[in-house]
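*Asks:*
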Amino acid sequence: MNNKAFYKGRVVVITGSSKGIGKAIALKIGQYGAKVVLNGRSSEALLSTEEELKRAGINCLTVQADVSLIEGAKKLIEEAVIGFGKIDVVINNSGIAVHGLFTETEPTTWQKVIQSNTLSSIYTTYFAIPYLKSTHGSIVFISSIGGRAGLPGHGAYSFSKMPLTSLTQTLDVELHEDQIHVGIVYVGFTRNDPNKTITDGTGKTKRLQPRNMNLLMEPEKVAEAVANLIRKRKKKKVLTLIGHAQTFFYQFPLIRRLIMKSMLKKYYNMYAD
Ligand SMILES: NC(=O)c1ccc[n+]([C@@H]2O[C@H](COP(=O)([O-])OP(=O)(O)OC[C@H]3O[C@@H](n4cnc5c(N)ncnc54)[C@H](OP(=O)(O)O)[C@@H]3O)[C@@H](O)[C@H]2O)c1
Numbered sequence: 563m564n565n566k567a568f569y570k571g572r573v574v575v576i577t578g579s580s581k582g583i584g585k586a587i588a589l590k591i592g593q594y595g596a597k598v599v600l601n602g603r604s605s606e607a608l609l610s611t612e613e614e615l616k617r618a619g620i621n622c623l624t625v626q627a628d629v630s631l632i633e634g635a636k637k638l639i640e641e642a643v644i645g646f647g648k649i650d651v652v653i654n655n656s657g658i659a660v661h662g663l664f665t666e667t668e669p670t671t672w673q674k675v676i677q678s679n680t681l682s683s684i685y686t687t688y689f690a691i692p693y694l695k696s697t698h699g700s701i702v703f704i705s706s707i708g709g710r711a712g713l714p715g716h717g718a719y720s721f722s723k724m725p726l727t728s729l730t731q732t733l734d735v736e737l738h739e740d741q742i743h744v745g746i747v748y749v750g751f752t753r754n755d756p757n758k759t760i761t762d763g764t765g766k767t768k769r770l771q772p773r774n775m776n777l778l779m780e781p782e783k784v785a786e787a788v789a790n791l792i793r794k795r796k797k798k799k800v801l802t803l804i805g806h807a808q809t810f811f812y813q814f815p816l817i818r819r820l821i822m823k824s825m826l827k828k829y830y831n832m833y834a835d
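Under my numbering, the first residue of the sequence shown is numbered 563, with each subsequent residue one higher.
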């Protein structure tokens, strides 16, 4: 079965889909014929993305909600079911980027990143499972290559993504009898939206410098990989050459440390202003 046949009429909820990778996933899966539930905190970004999807002929609805809060995640799932009558797929994509050495990262910033990147996925998944049981649907977690190894200069971010691996493994077994598919995608360096922001160690939001590097993946390619993982009910996908190189080099601790040290040198000058 191809993606068009698979996605036709399926209801797909994507957290954090007003911008960036989440928006690319919404467009891709919507173009395959899915009904898409868009989510984000900013109503302005949501409205503009909704208009773009509708212009592309995609059947979508928007739920403005902060999924890092229990009531926000509950609202998203309830409004998705009210709007489209069922849920086939939940993609836990929303998240914030955080930058700072451990000693520069304040305890309140740790709280914020864990709430935004870890608890949001837990809350959304928790409220969605009863509906996914009746559709034998899919749960997907959008992690990062930083969720497979503790990245220097991004310790809080890495820490917040790592639990998604354990959650995937637990749910894969616990939900097997309910025929719910659970998968995880480790996304590598991807071309960002021009206005993408990053949180510094003190919790301030700053604009990120445009990425000037080779081997950046386009968000549309990430979206295609996510769409395929769901259709094939695959458990795991690692993206980008750097992601695959990481798997190989991490067998050798000395090389791993050298690579990490060189990353730490590049760690400064991330902000656009
Ligand atoms: N870009 C990369 O290179 C890269 C690499 C590896 C992994 N990832 C992961 O991919 C995912 C998407 O990243 P991105 O680069 O596309 O980020 P982005 O451009 O900053 O977009 C993030 C999206 O999530 C929403 N969002 C953030 N916090 C939210 C919350 N608490 N509740 C609801 N919506 C929320 C944002 O809208 P509002 O701000 O309006 O809420 C926005 O729609 C993240 O999980 C990220 O960690 C990205």
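We put the beta carbon where it would ideally sit given N, CA and C, even for glycine.
So, at 7 angstroms on beta carbons, what are the nonlocal neighbours of Tyr685 in its own chain, with the 5 sequence-adjacent residues on each side left out?
*Replies:* Correct list, in chain order: Val629, Ile632, Ala635.
*Asks:* For Gln626, report the span of its beta strand (DSSP E) as first-last.
*Replies:* Taken as a continuous stretch (DSSP letters only), the beta strand (DSSP E) holding Gln626 covers 622 to 626.
*Asks:* Does the region 718 to 729 come within contact of the region 660 to 680, defined as at least 3 CB pairs closer than 8 angstroms?
*Replies:* Contact between the region 718 to 729 and the region 660 to 680 is present, because at least three Cβ pairs lie under 8 angstroms.
*Asks:* Would you call the CB atoms of Lys648 and Thr697 closer than 7 angstroms?
*Replies:* Cβ atoms of Lys648 and Thr697: closer than 7 angstroms.
*Asks:* Mind checking who His743 pairs with in its DSSP beta bridge?
*Replies:* DSSP lists Ser700 as partners of His743.
*Asks:* What would DSSP say about Leu778, mapped onto helix, strand or coil?
*Replies:* Leu778 falls in the coil class under three-state DSSP.
*Asks:* In or out: Val735 buried (at least 16 other Cβ within 10 Å) or exposed?
*Replies:* Answer is exposed; the Cβ neighbour count stays below 16.
*Asks:* Within 10 Å of its beta-carbon, does Pro781 have 16 or more other beta-carbons around it, so buried, or fewer, so exposed?
*Replies:* The residue is buried, with at least 16 neighbouring Cβ atoms inside 10 Å.
*Asks:* The alpha helix (DSSP H) spanning Ile676 covers which residue range?
*Replies:* Taken as a continuous stretch (DSSP letters only), the alpha helix (DSSP H) holding Ile676 covers 669 to 676.
*Asks:* Go to Thr732, then tell me how far its alpha helix (DSSP H) extends in each direction, as first and last residue.
*Replies:* Start and end: 725 to 736.
*Asks:* Going by alpha carbons, who is nearest to Gln808 out of Leu826, Gly709, Gly645?
*Replies:* Residue Gly709 is the option with its Cα nearest to Gln808.
*Asks:* Going by beta carbon distance, what residues of the same chain come within less than 6 angstroms of Lys799, once the five residues before and after it are set aside?
*Replies:* Same-chain partners within the cutoff: Val747, Ala787, Leu791.
*Asks:* Is Val784 helix, strand or coil by DSSP?
*Replies:* The answer is helix: DSSP assigns Val784 an H, G or I state.
*Asks:* Closest to Met825 by C-alpha separation, out of Ala596, Ile804, Phe814, Gln813, would be which residue?
*Replies:* Of the listed residues, the one whose Cα sits closest to Met825 is Ile804.
*Asks:* Where does Asn654 fall in DSSP's three states?
*Replies:* Reduced to three states, the DSSP call for Asn654 is strand.
*Asks:* Ordered along the chain, which non-local residues of its own chain (more than five positions away) have a Cβ less than 6 angstroms from that of Gly592?
*Replies:* Within the same chain, Gly592 has close Cβ partners Val598, Leu615, Ile620.
*Asks:* Could you name the residues that DSSP lists as bridge partners for Gly634?
*Replies:* In the DSSP output, where bridge partners are listed per residue, Gly634 has none listed.
*Asks:* Pick out whichever of Glu606, Arg603, Gly595, Thr767 has its Cα sitting closest to the Cα of Ala618.
*Replies:* Per the Cα distances, Gly595.
*Asks:* What's the gap between the Cα of Val643 and the Cα of Met822?
*Replies:* The straight-line gap from Cα to Cα measures roughly 44 angstroms.
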